[in-house]
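What follows is a short report on a single structure.
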Amino acid sequence: MNCPNCGQPVPEGLAESRCPACGRPFSEPLPGGVAPPVSEPVFERVTGPGGAPPWRGTPWDRRQDVGLIAALWRTLRDSMVRPTEFFRSMPVSGPQCSPVSYALILGTIGFGAGIFWQGLVALGLGLAGGEVDRREMGIYLLLVPFSPLLVLMGLYLGTVILHFFLWMVGGARNGIGATFRVVCWANGIQILNAIPFCGGLIGAVWVLVAEVIGIREAHETTTGRAIAAALLPLALCCGLAVIGIAAAVLIPAIIAGMGGE
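With this note's numbering applied, the sequence shown has no gaps in its numbers, which climb one by one up to 1756 at the end.
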């Protein structure tokens, strides 16, 4: 019998309820210890030479067969409009070159476009006021060539933070590699930053929703725990910001009051 997720052969008498090759769970155990798929796979299926078992994954994993542009579009479309099916079909282990390359391509385009629009707004405001802040424009121009590096750093840092809070709420059933894959596939949606002015906000919300669904599916956890893992870092940052603002206002006032006594 073959795994219904990755198509790899499953040893007979396997005691565990998940595939040893891809790590995905089976549905219901058979007498021999292996479970078949409950229903037909939702995602696209590819049959190899000689009638090989169907293989499941993301369209980007098959970019050599379907073409680069088509694979990018299908992966982006499925992760945005069919995230549940998309992340259910995502392998939770294996090489990371596919998710990383996908996130780098779309993330770099989105990041670069976002920087461009911010610089354009700064330039317009400067021209309207009769003066352009050359230092600010220089920062925007300097960030553009470093976009791939910044995107890559953001992927790894975001993965560590998300997986830590997922572990804190007891939802990290699979390794950090599964979280990294979710972050990579979800962050391709950052290409929405290319939409002028409102694209950044729309993309951020969409990425957050995709990450919640992806974490739930990849780690087989509850929606509540996935939401908590995604929102706790934001809540912590907001809390620290409030404390910082309060300290910036209260400390000088306290010092001034003590000096006037």
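From the three backbone atoms N, C-alpha and C, an ideal C-beta is built for every residue, glycine too. Keep in mind that this is a model prediction, so the values were computed, not measured.
| query | result |
| --- | --- |
| Considering only the alpha carbon of each residue, which of Met1753, Ala1721, Ala1673 lies closest to Pro1586? | Ala1673 |
| Can you check whether the CB of Ile1600 is closer than 8 Å to the CB of Leu1644? | no |
| With a 10 Å radius around its C-beta and 16 neighbouring C-beta atoms as the bar for buried, classify Tyr1760 as buried or exposed. | Residue 1760 lies beyond the range of the chain shown here (1496 to 1756); nothing can be said about it. |
| Along the chain, where does the alpha helix (DSSP H) containing Pro1643 start, and where does it finish? | 1642 to 1663 |
| Does the segment 1574 to 1584 touch the segment 1707 to 1725, meaning 3 or more C-beta pairs lie closer than 8 Å? | yes |
| So the alpha helix (DSSP H) Gln1591 belongs to, where does it begin and stop? | Element bounds for Gln1591: n/a, residue is neither H nor E. |
| Check whether the segment 1555 to 1564 touches the segment 1646 to 1666, counting contact only when three or more Cβ pairs, one atom from each stretch, lie closer than 8 Å. | no |
| Under a three-way DSSP split, which group does Val1541 fall into? | With a pLDDT of 42 at Val1541, under the threshold of 50, the modelled position of this residue cannot be trusted, and the question is left open. |
| How would you label Pro1747, buried or exposed, when you count the other beta carbons within 10 angstroms and need 16 or more for buried? | exposed |
| Would you tell me roughly how many angstroms separate the C-alpha atoms of Arg1676 and Ala1751, rounded to the nearest one? | 52 Å |
| Tell me whether Ala1743 is buried or exposed, calling it buried when 16 or more other Cβ atoms sit within 10 Å of its Cβ. | exposed |
| Starting from Pro1578, trace the alpha helix (DSSP H) in both directions and tell me its first and last residue. | 1578 to 1583 |
| Look at the Cβ atom of Ile1690, then the Cβ atom of Ile1684, and state whether they are nearer than 8 Å. | no |
| The alpha helix (DSSP H) with Ala1673 in it runs from where to where? | 1671 to 1682 |
| Return yes when the Cβ of Leu1650 is within less than 8 Å of the Cβ of Cys1679, no when it is not. | yes |
| Measure the beta-carbon distance from Val1702 to Asn1682 and round it to whole angstroms, keeping in mind my assumption that it falls under 8 Å. | 6 Å |
| Cα separation between His1714 and Trp1612? | 37 Å |
| What three-state label does DSSP hand Pro1691 in the structure shown? | coil |
| Would you identify the three-state DSSP class for Glu1523, choosing helix, strand or coil? | Since pLDDT at Glu1523 reaches only 46, below the 50 mark, its modelled position is unreliable, and no value is offered. |
| Measuring alpha carbon to alpha carbon, tell me which of Arg1519, Met1648, Phe1641 ends up nearest Arg1583. | Arg1519 |
| For the alpha helix (DSSP H) holding Gln1559, just list the boundary residues, first then last. | 1558 to 1561 |
| So for Pro1554, helix, strand or coil by DSSP? | helix |
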